[in-house]
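Student: Can you read through this structure? Questions will come right after.
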Amino acid sequence: MEKASADEAIALAVIPCHPAAMSVVPPKSYHAYPDRHIDCQEALEDEIKAPIARAQAAGWTLDDIARAVGDLLWAQMIRATERARRYLSRWFA
């Protein structure tokens with residue numbers, strides 16, 4: 001069995017495979033390219049408006065929402081990093 005590179009291992013651990021993610025426009029390339037993050041912002045912009053509006057309608061301020069979303073994203077990154085470490089430890093131990 002061929003060993004995966006570190007980049008491939010991280011991509012496997014981070015790229016979501018949930019069907020709901022498929023409604024978002026994919027990147028132009030799965031490799032790094034200039035302005036990739038801007039393309040991602042544009043792809044997510046419409047998707048994120050509805051949950052923000054629902055949270056505001058429930059009484060949360062935009063500051064509350066921004067802090068909560070930031071914390072959720074940070075936690076997601078930590079989980080993805082831990083998955084990548086576990087995967088890599090099997091291949092590169």
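Just so it is clear: in the sequence shown, position 49 is 49 by my numbering, and no numbers are missing.
Note that the Cβ used here is the ideal one computed from N, Cα and C, for glycine as well.
(1) So for HIS37, helix, strand or coil by DSSP?
(2) Do ALA43 and VAL25 have their C-beta atoms closer together than 8 Å?
(3) Between which two residues does the alpha helix (DSSP H) containing GLY59 stretch?
(4) From LEU72 to ASP35, what distance separates their C-alpha atoms?
(5) Report all residues from its chain with a CB closer than 7 Å to the CB of ILE48; omit the five preceding and five following residues, and keep chain order.
Tutor: So, to answer that:
(1) helix
(2) yes
(3) Where GLY59 is concerned, there is no enclosing alpha helix (DSSP H), given that its DSSP letter is neither H nor E.
(4) 24 Å
(5) none
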